[in-house]
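Visitor: Residue numbers (the UniProt record's numbering): 1 to 559. From the three backbone atoms N, C-alpha and C, an ideal C-beta is built for every residue, glycine too. Quick one: the structure is below, questions incoming.
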């Protein structure tokens, strides 16, 4: 008996998976007497009609010894079956492989190329499918194959080809099959998407089908329906149905007032059964208005379905289902870039995927150019004309910003309790300007915080030779201290508070009073007295001063 059993079962029944290529076939032929493996050996097959149905195979040793078993006798006729390496249709396919191909198709069914390839051995799923479709299914004599061809190929050449083919498949095996995607609402990183069906659990405009789910058409005479030949049997059925309905109406009219029929006690037939047995009247003829109404509903439904398909096409083409990949790309962008790209997502519907990508890249490049041009214009406004100067300025600006952040962190100018320390810091900054009392106005081409000052404040800083950042600290200190005294602060209090150059502090105080930022304290009421004779005068002009609450004036005074 020939035993045909699978050596290695396939891990899956999916047709798109690759079978592991092996030199051994997927079946075993054994001697029915000693059970020796005869798959690759010459064997003797009993040709007697008694044993032919069970395919009795015997090895050479048992045949030589004349062993008998079962219904097989030593005197039965026999056939010698050996391996055939002669090609028939294809120079690379032997006769034995052609037979095994047909046996595999008979055993596993047409189209199950994976199982057939495993049954044959030494052949891949692709080889089996292409060979059958070309030489068997594509034959002009189908279902018969093409006529055998003559090949000048020896057995040694066929064996060498087989060894080379198996060696190539061993070095470069087929790619492993991709993981099978489950088509469930929870089988994808996007909740509700079913990858096997390319559908969503809740589609866009999910209630669109409710518009036409109960829509039915009767007999349509328009659009060529009146040209159809009417079946006489339909007319007879219509007449019979109308007559049956009329008789049923007459029977129902003889019913009792409560609506129940008088029935015989022996009768088990119900009114519902009688109603179901009545012939059904054919559909009514559709009028022009009803047809137009129903067609309008169908057109509206079609438009909603087209909108749904367009949205799904946009999602599939743009790769929007790869949520993790898109999230990683967004994290690499800054917040400004993300906000900028979000504003132009509306154009994605009007462009192809490649055009939209090029469009967004161009906008991003334009945005970078605009930003760089603005930076260069700002540097040029500050008086910088080379990249080296710009680099030096940038380092200085970063240093100043870090210093200012450190000051704020320490709380030197955070509240009124730190005014004394803020004054000392300001004094240290003023000490670095040894030429404060001499020289011309300063140039603030590279000074930080210059844009925070008005034109008048910038001119004041140039005249008193104070950096804009130091001026801001002085101004904040004076304003904060003046608020403690009802927005009033004297010149002397300002000088004592800042502990810096009295001239600079006084000019800043004068500027703030002149612009109404703070108020000068009101002078106390004084009494005027005449200046005695012989009172010293300055440059011939009688002075006016407050002494112990009195104002003294000379004879030439206007007061």
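Rounding to the nearest angstrom, what Cα-Cα distance links residue 536 and residue 500 in this structure?
Guide: Taking the first residue of the chain shown as position 1, residue 536 is located at position 536. Taking the first residue of the chain shown as position 1, residue 500 is located at position 500. In this prediction, residue 536 scores a pLDDT of 45, lower than 50, which makes its location untrustworthy; no coordinate-derived value is stated.
Visitor: What does DSSP give as the partner residue(s) for residue 46 in the beta ladder?
Guide: Position 46 of the chain shown holds residue 46. BP columns for residue 46 point to 78.
Visitor: Rounding to the nearest angstrom, what Cα-Cα distance links residue 220 and residue 193 in this structure?
Guide: Position 220 of the chain shown, counted from the start, is the residue given in the question as residue 220. Position 193 of the chain shown, counted from the start, is the residue given in the question as residue 193. Whole-angstrom Cα-Cα distance: 41 Å.
Visitor: For a test of the three-state rule: what should DSSP assign to residue 67, helix, strand or coil?
Guide: One-based indexing of the chain shown puts residue 67 at position 67. Here residue 67 sits in coil by DSSP.
Visitor: Where are the alpha helix (DSSP H) runs, 4 residues long or more, that stay fully inside the region 349-402, in chain order?
Guide: 353-381
Visitor: Would residue 508 pass as a contact of residue 478 if the rule is Cβ separation under 8 Å?
Guide: For the purposes of this step, residue 508 is taken as the residue at position 508 of the chain shown. For the purposes of this step, residue 478 is taken as the residue at position 478 of the chain shown. Yes, they are a contact pair.
Visitor: Would you call the CB atoms of residue 360 and residue 376 closer than 8 Å?
Guide: The residue given as residue 360 occupies position 360 in the chain shown. The residue given as residue 376 occupies position 376 in the chain shown. No, Cβ-Cβ distance for residue 360 and residue 376 is not below 8 Å.
Visitor: Count the CB pairs spanning the region 201-208 and the region 304-322 that are closer than 8 Å, and state whether there are at least three.
Guide: yes
Visitor: Which residues does DSSP list as the beta-bridge partners of residue 37?
Guide: Indexing the chain shown from 1 puts residue 37 at position 37. Its beta-bridge partners are 30.
Visitor: How close, in whole Å, do the beta carbons of residue 148 and residue 139 come, if the pair is a contact with beta carbons under 8 Å?
Guide: For the purposes of this step, residue 148 is taken as the residue at position 148 of the chain shown. For the purposes of this step, residue 139 is taken as the residue at position 139 of the chain shown. Here residue 148 is actually not in contact with residue 139; their C-beta atoms are around 12 Å apart, not less than 8 Å.
Visitor: Along the chain, where does the alpha helix (DSSP H) containing residue 461 start, and where does it finish?
Guide: By one-based count along the chain shown, residue 461 stands at place 461. Counted as a single uninterrupted DSSP element, the alpha helix (DSSP H) harbouring residue 461 occupies residues 455-464.
Visitor: Can you check DSSP and say which residues form a bridge with residue 200?
Guide: Along the chain shown, one-based indexing puts residue 200 at 200. DSSP lists 193 as partners of residue 200.
Visitor: So, at 8 Å on beta carbons, what are the nonlocal neighbours of residue 59 in its own chain, with the 5 sequence-adjacent residues on each side left out?
Guide: Numbered from its first residue, the chain shown carries residue 59 at position 59. Only 31, 33, 34, 36, 38, 41, 43, 44 meet the Cβ criterion.
Visitor: Would you kindly work out how many angstroms separate the C-alpha atoms of residue 321 and residue 315, rounded to a whole number?
Guide: Locating residue 321 in the chain shown gives position 321, counting from the first residue. Locating residue 315 in the chain shown gives position 315, counting from the first residue. Taking the straight line from one Cα to the other gives about 7 Å.
Visitor: At which residues does the alpha helix (DSSP H) containing residue 311 begin and terminate?
Guide: Walking along the chain shown from the start, residue 311 turns up at place 311. DSSP places residue 311 inside the alpha helix (DSSP H), whose first and last residues are 288-317.
Visitor: Suppose the cutoff is 7 Å on Cβ atoms and the five residues either side in sequence are ignored; what does the same chain contact list for residue 297 look like?
Guide: For the purposes of this step, residue 297 is taken as the residue at position 297 of the chain shown. So the qualifying residues of the chain are 211, 212, 215.
Visitor: Helix, strand or coil for residue 150, going by three-state DSSP, please let me know.
Guide: Residue numbering aside, residue 150 sits at position 150 when the chain shown is read from its first letter. Looking at residue 150 - three-state DSSP - the assignment turns out to be coil, as it is neither helix nor strand.
Visitor: Alpha carbon to alpha carbon, what distance is there between residue 471 and residue 400?
Guide: On the chain shown, position 400 is the one that residue 400 refers to. On the chain shown, position 471 is the one that residue 471 refers to. The alpha-carbon atoms of residue 400 and residue 471 are separated by roughly 15 Å.
Visitor: Just to check my reading of the structure: residue 110 and residue 119 have Cβ atoms closer than 8 Å, yes? What is that Cβ distance to the nearest angstrom?
Guide: Here residue 110 corresponds to residue number 110 of the chain shown, with the count starting at 1. Here residue 119 corresponds to residue number 119 of the chain shown, with the count starting at 1. That pair is no contact at about 14 Å.
Visitor: Once DSSP output is grouped into helix, strand and coil, what is the label at residue 488?
Guide: Numbered from 1 along the chain shown, position 488 holds the residue referred to as residue 488. Reduced to three states, the DSSP call for residue 488 is strand.
Visitor: Between residue 74 and the rest of its own chain, which residues show a CB-CB distance below 7 Å, the 5 nearest in sequence each way excluded?
Guide: Here the question's residue 74 lines up with position 74 in the chain shown. If we look at residue 74 and ignore the five residues flanking it on each side, its Cβ neighbours are 66, 68.
Visitor: Using the rule of at least 16 other Cβ atoms within 10 Å of the residue's Cβ for burial, across every protein chain shown, is residue 247 buried or exposed?
Guide: Position 247 of the chain shown, counting from 1, holds the residue named residue 247. Exposed, because fewer than 16 other Cβ atoms sit within 10 Å of the Cβ of residue 247.
Visitor: What residues in its chain sit with their C-beta under 7 Å from that of residue 254, if we drop five residues either side in the sequence?
Guide: For the purposes of this step, residue 254 is identified with residue 254 of the chain shown, where counting begins at 1. Note that residue 254 scores a pLDDT of 49, beneath 50, so its modelled location is shaky and nothing firm can be said.
Visitor: Where do the ends of the alpha helix (DSSP H) carrying residue 326 lie?
Guide: Translated into positions along the chain shown, residue 326 becomes position 326. 323-332 is the span of the alpha helix (DSSP H), which, as asked, contains residue 326.
Visitor: Using DSSP's beta-bridge definition, name the partner residues of residue 519.
Guide: Against the chain shown, residue 519 aligns to sequence position 519. Paired residues: 488.
Visitor: Kindly indicate which three-state DSSP category residue 496 falls into: helix, strand or coil?
Guide: Start at 1 with the first residue of the chain shown, and residue 496 comes out as number 496. Residue 496: helix per DSSP, three-state reduction.
Visitor: Residue 591 and residue 128: beta carbons closer than 8 Å?
Guide: One cannot answer for residue 591 here, as it falls past the ends of the chain, which runs 1 to 559.
Visitor: Which term fits residue 402, buried or exposed, when burial requires 16 or more other beta carbons within 10 angstroms of its beta carbon?
Guide: Start at 1 with the first residue of the chain shown, and residue 402 comes out as number 402. Its Cβ having fewer than 16 others within 10 Å, residue 402 is exposed.
Visitor: Leaving out the 5 sequence neighbours to the left and right, which residues in its chain are closer than 8 Å to residue 325 when beta-carbon positions are compared?
Guide: Walking along the chain shown from the start, residue 325 turns up at place 325. So the qualifying residues of the chain are 319.
Visitor: Looking at the structure shown, is residue 525 part of a helix, part of a strand, or coil, going by DSSP?
Guide: Mapped onto the chain shown, residue 525 falls at position 525. Here the model assigns residue 525 a pLDDT of 47, short of 50, so the residue's position is not dependable, and the following value carries that caveat. Coil, per DSSP.
Visitor: Tell me, please, which residues DSSP counts as bridged to residue 219.
Guide: On the chain shown, position 219 is the one that residue 219 refers to. Beta-bridge annotation (DSSP): residue 219 is paired with 285.
Visitor: Would you call the CB atoms of residue 519 and residue 513 closer than 8 Å?
Guide: As a first step, residue 519 is located in the chain shown; it is residue number 519 there, counting from the start. As a first step, residue 513 is located in the chain shown; it is residue number 513 there, counting from the start. Yes, the pair counts as a contact, with Cβ atoms nearer than the cut-off.
Visitor: Can you grab the Cα-Cα spacing for the pair residue 82 / residue 91, in whole Å?
Guide: Along the chain shown, one-based indexing puts residue 82 at 82. Along the chain shown, one-based indexing puts residue 91 at 91. Each residue's Cα considered, the two are about 20 Å apart.
Visitor: Based on Cα-Cα distance, which residue from 61, 463, 62, 49 lies nearest to residue 77?
Guide: Walking along the chain shown from the start, residue 77 turns up at place 77. It is 49.
Visitor: For residue 72, which three-state DSSP category applies?
Guide: Numbered from its first residue, the chain shown carries residue 72 at position 72. Three-state DSSP puts residue 72 in a strand.
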